[in-house]
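J.:
Protein chains: 2
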Amino acid sequence: MTATLLEGKPVAEKIEAEVTEEAAGLRAEGVTPNLTVVLVGDDPASKVYVGSKEKACKRVGIDSTTLRLPASLSQGDLLRLIGDLNHNQAVHGILVQLPLPPEIDPNAVLCAVDPAKDVDGFAPENMGKLLLGFPYTVACTPAGIARMLDHYEVPLDGSNVVIIGRSNIVGKPLAALLVQKTKGRNCTVTICHSRTADIARHTRDADIVVAALGSPGFLRADMVRPGCTVVDVGINRVEDPAAKRGYRLVGDADFDTILKKAAFITPVPGGVGPLTVGMLLKNTLKVARCCGCKA
Amino acid sequence: MTATLLEGKPVAEKIEAEVTEEAAGLRAEGVTPNLTVVLVGDDPASKVYVGSKEKACKRVGIDSTTLRLPASLSQGDLLRLIGDLNHNQAVHGILVQLPLPPEIDPNAVLCAVDPAKDVDGFAPENMGKLLLGFPYTVACTPAGIARMLDHYEVPLDGSNVVIIGRSNIVGKPLAALLVQKTKGRNCTVTICHSRTADIARHTRDADIVVAALGSPGFLRADMVRPGCTVVDVGINRVEDPAAKRGYRLVGDADFDTILKKAAFITPVPGGVGPLTVGMLLKNTLKVARCCGCKA
Numbered sequence: 017m018t019a020t021l022l023e024g025k026p027v028a029e030k031i032e033a034e035v036t037e038e039a040a041g042l043r044a045e046g047v048t049p050n051l052t053v054v055l056v057g058d059d060p061a062s063k064v065y066v067g068s069k070e071k072a073c074k075r076v077g078i079d080s081t082t083l084r085l086p087a088s089l090s091q092g093d094l095l096r097l098i099g100d101l102n103h104n105q106a107v108h109g110i111l112v113q114l115p116l117p118p119e120i121d122p123n124a125v126l127c128a129v130d131p132a133k134d135v136d137g138f139a140p141e142n143m144g145k146l147l148l149g150f151p152y153t154v155a156c157t158p159a160g161i162a163r164m165l166d167h168y169e170v171p172l173d174g175s176n177v178v179i180i181g182r183s184n185i186v187g188k189p190l191a192a193l194l195v196q197k198t199k200g201r202n203c204t205v206t207i208c209h210s211r212t213a214d215i216a217r218h219t220r221d222a223d224i225v226v227a228a229l230g231s232p233g234f235l236r237a238d239m240v241r242p243g244c245t246v247v248d249v250g251i252n253r254v255e256d257p258a259a260k261r262g263y264r265l266v267g268d269a270d271f272d273t274i275l276k277k278a279a280f281i282t283p284v285p286g287g288v289g290p291l292t293v294g295m296l297l298k299n300t301l302k303v304a305r306c307c308g309c310k311a
Numbered sequence: 017m018t019a020t021l022l023e024g025k026p027v028a029e030k031i032e033a034e035v036t037e038e039a040a041g042l043r044a045e046g047v048t049p050n051l052t053v054v055l056v057g058d059d060p061a062s063k064v065y066v067g068s069k070e071k072a073c074k075r076v077g078i079d080s081t082t083l084r085l086p087a088s089l090s091q092g093d094l095l096r097l098i099g100d101l102n103h104n105q106a107v108h109g110i111l112v113q114l115p116l117p118p119e120i121d122p123n124a125v126l127c128a129v130d131p132a133k134d135v136d137g138f139a140p141e142n143m144g145k146l147l148l149g150f151p152y153t154v155a156c157t158p159a160g161i162a163r164m165l166d167h168y169e170v171p172l173d174g175s176n177v178v179i180i181g182r183s184n185i186v187g188k189p190l191a192a193l194l195v196q197k198t199k200g201r202n203c204t205v206t207i208c209h210s211r212t213a214d215i216a217r218h219t220r221d222a223d224i225v226v227a228a229l230g231s232p233g234f235l236r237a238d239m240v241r242p243g244c245t246v247v248d249v250g251i252n253r254v255e256d257p258a259a260k261r262g263y264r265l266v267g268d269a270d271f272d273t274i275l276k277k278a279a280f281i282t283p284v285p286g287g288v289g290p291l292t293v294g295m296l297l298k299n300t301l302k303v304a305r306c307c308g309c310k311a
């Protein structure tokens, strides 16, 4: 058996085509959807992510502006800036790139973004609406995972999903999304983490395992059952002298061995990653429709 | 083996003693904590619940007001009333008793309550803060369950918890509370529900089973492992010609048989129930400290 690869690229292209069409529709109504990205400091990975978000916006017809601020920016000044963006009727979507410098409390910042403009779905109100079952914007990686599984027709209703990792960005909102009493969701969800006594006991019973803990090759083939689906959210750099850059990117799953046992697996890179940006574009359209049409 | 009963009354009495002292402290600062309960229609069970909340407030030194409104009240009028309460600086806590008449959308109502005054912890912002790990008010029944387990020193860190039921009132917020990376929580959490293929497969592996689905005697002894803890949130009326009222109250667990197999079990009635009101009092103090001291 060789697992079918759940490739992100064709799904992301489909999403971008949808967004391009919807954005054109909004422009025809006189509203050009726009996104303001706030980048504090000069984390190299953050710069790469912000760059790929800017390019994606350009491709689909969303105006994007990136505010590049020094790492020395105070929390108070950042909160004031967010307050200004919240009140600026010309601004639709706001995204504060994480991680922030250690002196700034990310929770205070996420709470400051107007939920109506929150394209990341991280504002408490949006996280709560997701958990309660009437979502507005949904965190991009969980939304992308659900879209991926839907695209490849991996059945979710009644399935047993085990999520490894309880981050606010992936594990918790994904659990909230999949457990809902909604056709096409309805999963039995288990969240495992660093304090779980025996993770393999859970993953071996799962129809779908989502690895989102940030530990290269953590999920081994002996931890999953034949025919399962593995969604690998990890993006880890491991040293590789043979690689041009001296490292290569690997996921949280041991890809080569699981490939022979699972029915479906997402590659890393090229799996979930492209969908995260796609769902950001979708969220930007949603907030533009909400905020832009009021402006 | 006979399970130890997790009786709610002694824990509730301890909570009330704490709240009484804290309320006296607030009064000494010039703030008498107060709660406004909004009761729409005349559901008999709701009247009983509201009555017991009023009595509990009186016992601990919280001023309570109940606004009794006809079932014919429109959603618009209810939302306007909530808006007035939100803006009334003399009002600390607001509780809208559920269920509401079928013409009124409960989600619209829960979204309308100012999160700062939300003693039920049902406002999306508060549900989101709970999931994200920096809670303000926490839904009363989940908070009461955690307090019960803490009181009887049932260990939670690293334990395997299976929750049956995905309601917005119990199952979902309880999962959010127990999964957190916090000393004394840190549970591996599974949420099962009506679409779970084989609930017993999950519950048989659990250290703690929480039954919150509203189905009398659903959780049988053969579905749990020896030495586990069973928290029974169900309150179901079953006909009983021998009982004075013609019915008796039973939980979602088959109490008599599980009693011989589990290490701990909550009785019904007298288990989780009294703690729900206790946590409402705690939440009322919290909002009084937040809103009252600003007023």
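Chains as they are written, first to last, in the working numbering: chain A, 17 to 311; chain B, 17 to 311. Yeah, the Cβ is synthetic: ideal placement off N, Cα and C, and Gly gets one too.
Does any C-beta atom of chain A lie closer than 7 Å to the C-beta of residue 118 of chain B?
T.: Counting from 1 along the second sequence, the entry for residue 118 of chain B is found at position 102. Output row for residue 118 of chain B: interface = no.
J.: Can you look up residue 65 of chain B in the DSSP assignment and give me helix, strand or coil?
T.: Residue 65 of chain B sits at position 49 when you count from the first residue of the second sequence. In this structure, residue 65 of chain B counts as helix in the three-state DSSP scheme.
J.: Nearest by alpha-carbon distance to residue 264 of chain B: which of B:291, B:229, B:285 is it?
T.: Working through the second sequence from its first residue, we reach residue 264 of chain B at position 248. Nearest of B:291, B:229, B:285 to residue 264 of chain B, Cα basis: B:285.
J.: Measuring straight from C-alpha to C-alpha, what distance separates residue 206 of chain A and residue 222 of chain B?
T.: The residue you call residue 206 of chain A lines up with position 190 of the first sequence. The residue you call residue 222 of chain B lines up with position 206 of the second sequence. Each residue's Cα considered, the two are about 12 Å apart.
J.: Taking only runs that begin and end inside the region 167 to 202 of chain B, name each unbroken beta strand (DSSP E) of 3 or more residues, in chain order.
T.: The qualifying runs are 176 to 180.
J.: For residue 29 of chain A, does the count of other Cβ atoms within 10 angstroms reach 16, so buried, or fall short, so exposed?
T.: Sequence index remark: in the first sequence, residue 29 of chain A carries index 13 (1-based). Exposed.
J.: What residue range is occupied by the uninterrupted beta strand (DSSP E) comprising residue 264 of chain A?
T.: Residue numbering aside, residue 264 of chain A sits at position 248 when the first sequence is read from its first letter. First-last of the beta strand (DSSP E) with residue 264 of chain A: 263 to 266.
J.: How is the alpha helix (DSSP H) around residue 43 of chain A delimited, first residue to last?
T.: If you number the first sequence from 1, residue 43 of chain A lands on position 27. Where residue 43 of chain A is concerned, the enclosing alpha helix (DSSP H) stretches over 24 to 44.
J.: How would you write the range of the alpha helix (DSSP H) that residue 127 of chain B sits in, first residue to last?
T.: As a first step, residue 127 of chain B is located in the second sequence; it is residue number 111 there, counting from the start. Note, residue 127 of chain B: alpha helix (DSSP H), 122 to 128.
J.: What does the Cβ neighbour count give for residue 104 of chain B, buried or exposed, with the cut at 16 atoms within 10 Å?
T.: Start at 1 with the first residue of the second sequence, and residue 104 of chain B comes out as number 88. Result: exposed.
J.: Short of 6 Å in beta carbon distance, which residues of its chain neighbour residue 194 of chain B, apart from the five on each side in sequence? Order them along the chain.
T.: Taking the first residue of the second sequence as position 1, residue 194 of chain B is located at position 178. Same-chain partners within the cutoff: 177, 201, 203, 205.
J.: Identify every run of the alpha helix (DSSP H) within the region 220 to 274 of chain A, keeping only runs that are complete inside it and at least 4 residues long; order them along the chain.
T.: Here the runs fully enclosed are 271 to 274.
J.: At the level of alpha carbons, what is the spacing between residue 150 of chain B and residue 121 of chain A?
T.: By 1-based counting over the second sequence, the position of residue 150 of chain B is 134. By 1-based counting over the first sequence, the position of residue 121 of chain A is 105. Approximately 12 Å between the Cα atoms of the pair.
J.: For residue 191 of chain A, which residues in the same chain have their Cβ closer than 7 Å to its Cβ, ignoring the five residues on either side in sequence?
T.: Taking the first sequence and counting its residues from 1, the one referred to as residue 191 of chain A is at position 175. Around residue 191 of chain A: 179, 205, 207.
J.: Looking at the secondary structure, which residues open and close the beta strand (DSSP E) in which residue 48 of chain A lies?
T.: Taking the first residue of the first sequence as position 1, residue 48 of chain A is located at position 32. Unbroken run through residue 48 of chain A: none, as it is neither H nor E.
J.: Under 8 Å Cβ-Cβ, which residues of chain B neighbour residue 292 of chain A?
T.: On the first sequence, position 276 is the one that residue 292 of chain A refers to. Near residue 292 of chain A there are no residues of chain B at all, since even the closest Cβ is about 19 Å away, more than 8 Å.
J.: For residue 84 of chain B, list the residues DSSP reports as bridge partners.
T.: Looking up residue 84 of chain B in the second sequence gives position 68. DSSP lists B:55 as partners of residue 84 of chain B.
J.: Could you check the C-alpha separation between residue 140 of chain A and residue 127 of chain B for me, to the nearest Å?
T.: As a first step, residue 140 of chain A must be located in the first sequence, where it is residue number 124. As a first step, residue 127 of chain B must be located in the second sequence, where it is residue number 111. So the two alpha carbons sit approximately 13 Å from each other.
J.: Could you tell me the distance, in whole angstroms, from the CA atom of residue 35 of chain B to the CA atom of residue 69 of chain B?
T.: One-based indexing of the second sequence puts residue 35 of chain B at position 19. One-based indexing of the second sequence puts residue 69 of chain B at position 53. Each residue's Cα considered, the two are about 14 Å apart.
J.: So with Cβ pairs under 7 Å, would you call residue 102 of chain B a contact of chain A?
T.: Counting from 1 along the second sequence, the entry for residue 102 of chain B is found at position 86. Closer than 7 Å: no.
J.: Using a C-beta to C-beta distance shorter than 7 Å, which residues of chain A count as neighbours of residue 141 of chain B?
T.: Position 125 of the second sequence, counted from the start, is the residue given in the question as residue 141 of chain B. Within chain A, the residues near residue 141 of chain B are 140, 141, 144.
J.: According to DSSP, is residue 297 of chain B helix, strand or coil?
T.: If you number the second sequence from 1, residue 297 of chain B lands on position 281. Residue 297 of chain B: helix per DSSP, three-state reduction.
J.: What is the rounded straight-line gap between the Cα of residue 347 of chain B and the Cα of residue 157 of chain A?
T.: Any answer about residue 347 of chain B is impossible in this case: the structure gives chain B only from 17 up to 311.
J.: Need the endpoints of the beta strand (DSSP E) that residue 95 of chain B sits in, please.
T.: If you number the second sequence from 1, residue 95 of chain B lands on position 79. Element bounds for residue 95 of chain B: not the beta strand (DSSP E) but the alpha helix (DSSP H), 91 to 103.
J.: Just grab the DSSP bridge partners of residue 284 of chain B for me.
T.: Mapped onto the second sequence, residue 284 of chain B falls at position 268. Residue 284 of chain B is not bridged to any residue.
J.: Of the residues that make up the region 173 to 193 of chain B, which ones have a beta carbon closer than 9 Å to any beta carbon in chain A?
T.: Cβ contacts with chain A: 173, 174, 175, 176, 178, 182, 184, 187, 188, 189, 191, 192.
J.: Which residues in chain A have a C-beta closer than 9 Å to the C-beta of residue 150 of chain B? List them in chain order.
T.: Translated into positions along the second sequence, residue 150 of chain B becomes position 134. Near residue 150 of chain B (Cβ distances below 9 Å), the residues of chain A are 123, 127, 140.
J.: Determine the burial state of residue 83 of chain B: buried for a count of at least 16 other Cβ atoms within 10 Å of its Cβ, exposed for fewer.
T.: Start at 1 with the first residue of the second sequence, and residue 83 of chain B comes out as number 67. It counts as exposed.
J.: Going along chain A in order, which residues have a C-beta closer than 7 Å to the C-beta of residue 208 of chain B?
T.: The count along the second sequence starts at 1 and reaches residue 208 of chain B at position 192. Correct list: 204.
J.: Can you tell me which of the three DSSP states residue 18 of chain A falls into?
T.: Against the first sequence, residue 18 of chain A aligns to sequence position 2. Residue 18 of chain A falls in the coil class under three-state DSSP.
J.: Could you tell me which uninterrupted alpha helix (DSSP H) segments, each at least 4 residues in length, are contained entirely in the region 132 to 162 of chain B, listed from first to last along the chain?
T.: Listed in chain order, they are 140 to 148.
J.: In three-state DSSP terms, what is residue 292 of chain A?
T.: Here residue 292 of chain A is taken as the residue at index 276 of the first sequence, counted from 1. It is helical.
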